[in-house]
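Down below is the structure, laid out as C-alpha cells.
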Amino acid sequence: MLDMMPRIDSPDLIVGIESMDDAGVFRLSDDYALVQTVDFFAPAVNDPLVSGRIAAANCMSDIWAMGGRPITAMNLLAFPAAKLPVEAVSLLLTGAGEKLVEAGTVLVGGHSADQKDILFGMSVTGLIHPSRARRNSTARAGDLIVLTKPVGSGILCTALKDRLVDDGFLAEAASHMERLNMYASGVLSGFDVSAMTDVTGFGVAGHAIAMARSSGTTLEIDTSMVPLMAGALELASRYLPGGTGRNFEYCSSSVETAPGMDERMIALMMDSQTSGGLMACVRQEQAADAVAALQDAGDMRASVIGRVLAPGEGKPVRLL
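Given below as C-alpha cells:
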C-alpha cells in the first residue's frame with residue numbers, strides 16, 4: 291500500500307514512509323523537529339479504564355521509539371452511541387487521560403464517530419532534535435538486541451474472548467501493556483544505540499524484518515532468551531489473533547527457523563503485540579549494563595534476545 295501513497299519531497303523531511311519507521315520526523319529548525327504518529331484499534335481488554343490506559347501507552351510509544359518526547363495528543367474514538375453506555379466511554383477516556391498526565395502530554399482535542407464497533411486511539415505529536423532521531427534502518431553489525439517488555443499480549447487478549455485466561459495472567463499482561471515506554475527510552479538514551487523500534491502489530495519477527503531489510507543487516511534472535519508473558523506459551527497453540535495470522539504470511543519468506551523449533555515459540559515471535567516493548571540494538575560492550583539499568587528503572591523483564599550480523603546468505607531474520 292505504501293507504493294500507492296503520493297511522494298512529496300521536502301528538504302526538511304527527515305523520516306518519511308520509505309523505511310517503515312515508527313513515526314514521521316519533520317525539521318522545524320536547527321534545534322527542533324516534529325515527530326508525528328497516529329494509531330487506533332479495538333479495546334485490548336474488557337475493562338474500559340484499563341483499555342484506555344493501554345491505548346494511550348501504545349499510541350505514544352512510537353514517539354519514544356524514535357527517541358522523542360510526546361507533547362500533544364488528539365483522541366480518535368468510534369463507538370455505537372446508541373448502545374455503549376456513556377459511563378464506559380468516560381472510563382475509556384479517563385484511563386487514556388491518566389497516561390497522558392503521566393507522560394506530560396497535553397490533550398488538545400479529538401474526533402468521534404458513531405459506528406457499530408468500538409475503536410480508540412490517538413494522533414500524537416512530539417519533539418526531538420533533528421540529529422537525534424532513532425531509526426529502525428541503522429542497525430549496526432556486532433550490536434546485541436535488547437527487548438524491554440515480554441511478548442504474548444496478542445495471544446492472551448484473543449484467549450480472553452473465550453474467557454480462558456487466568457485473572458492473574460491477564461492482570462500481569464495488562465501491567466506490561468499499560469507501562470509507558472517513556473522510561474525505557476529515557477534509560478536507553480544513555481547508551482550507544484544504533485537503531486530502535488517498538489514491537490507492536492508486526493510482532494518481534496515482523497519488526498526484526500523491517501529493521502534488517504532497511505539497515506542491510508541480518509538479525510539473529512535466540513528465542514530462549516525472549517521474555518514471555520505468563521500463560522502465553524501454554525495458549526500459543528490454540529489462539530492466534532488475526533494480526534498474527536497475517537504476520538505468518540508476511541514473515542514466511544524472510545524468516546529462517548531452526549530445525550525442530552517449537553511451533554509455539556514461532557507463533558509467539560510473530561504474535562501481534564499491543565503496547566509492546568522497545569527493541570534496541572545496543573553496542574555489545576554496553577548491553578549488559580543497559581539491561582541492568584532498564585530493570586532498575588522498572589522494566590524488570592528486559593533482556594538481550596539476539597544480535598545483529600553483517601548481511602549474509604539466506605533470510606534477513608533467523609530464529610534460533
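What the sequence shown shows, in my numbering, is residues 291 to 610, in sequence order. Every residue, glycine too, gets a C-beta built ideally from N, C-alpha and C.
Beyond the five residues adjoining it in sequence on each side, SER351 comes within less than 6 Å, by CB distance, of ASN471, ASP488 in the same chain, given in chain order.
In this structure VAL398 is exposed. Its beta-carbon is surrounded by fewer than 16 other beta-carbon atoms within 10 angstroms. Note: ARG608 is bridge-paired with GLU510, GLU546 in the DSSP secondary-structure output.
When only Cα atoms are considered, HIS401 and MET515 end up about 42 Å apart. Under the three-state reduction of DSSP output, GLY596 falls in the strand class. In terms of Cβ geometry, ALA600 and SER475 do not form a close pair [threshold 9 Å]. Rounded to the nearest whole angstrom, the CA to CA distance from LEU558 to ARG536 is 13 Å.
If you look at ARG359, you'll find it in the beta strand (DSSP E) that goes 359 to 369. ALA403 and ASP589 have their C-alpha atoms some 36 Å from each other. Per DSSP, the unbroken alpha helix (DSSP H) holding THR448 starts and ends at 443 to 450.
The segment 576 to 584 and the segment 489 to 505 do not touch, with fewer than 3 CB-CB distances between them shorter than 8 Å. When SER527, SER380, ARG597, GLU462 are compared, the shortest CA-CA separation from ASP552 is found for SER527. By the Cβ test, the segment 415 to 434 is not in contact with the segment 380 to 387, since fewer than three Cβ pairs between them sit closer than 8 Å.
Between ALA580 and ARG591, the alpha-carbon positions lie close to 12 Å from each other. When C-alpha distances from LEU450 are compared across GLY521, ARG422, VAL483, the shortest belongs to GLY521. The continuous stretches of alpha helix (DSSP H) do not include ASP488, which lies in the beta strand (DSSP E) extending over residues 483 to 488. Considering only PHE369, ARG430, ASP433, the residue with the shortest C-alpha distance to LYS406 is PHE369. Setting aside the 5 residues that flank it on each side, THR490 is surrounded in the same chain by GLN563, GLY566, each with a C-beta closer than 6 Å to its C-beta; the list follows chain order.
In this structure THR513 does not touch ALA429 by the C-beta definition: roughly 19 Å separates them, more than the 8 Å allowed.
GLY416 carries a strand assignment under DSSP once its states are collapsed to helix, strand and coil. Annotation for ILE344: the continuous alpha helix (DSSP H) segment containing it runs 338 to 355. Where ARG317 is concerned, the enclosing beta strand (DSSP E) starts and stops at 314 to 317. The continuous alpha helix (DSSP H) containing GLN585 extends over residues 577 to 586.
For ALA570, the three-state secondary structure derived from DSSP is strand. 9 Å or more divides the Cβ of ALA587 from the Cβ of GLU468. Assigned with DSSP and collapsed to three states, GLY399 falls in strand.
Excluding the 5 residues flanking it on each side, SER300 has no same chain C-beta neighbour closer than 6 Å. In this structure, VAL436 places its C-beta atom within 9 Å of the C-beta atom of LEU568.
Within the same chain, and ignoring the five residues on either side of PRO338 in sequence, the residues whose Cβ sits closer than 6 Å to its Cβ are ALA378, LEU381, LEU382. As computed with DSSP, ILE435 is found in a beta bridge with CYS571, GLY596.
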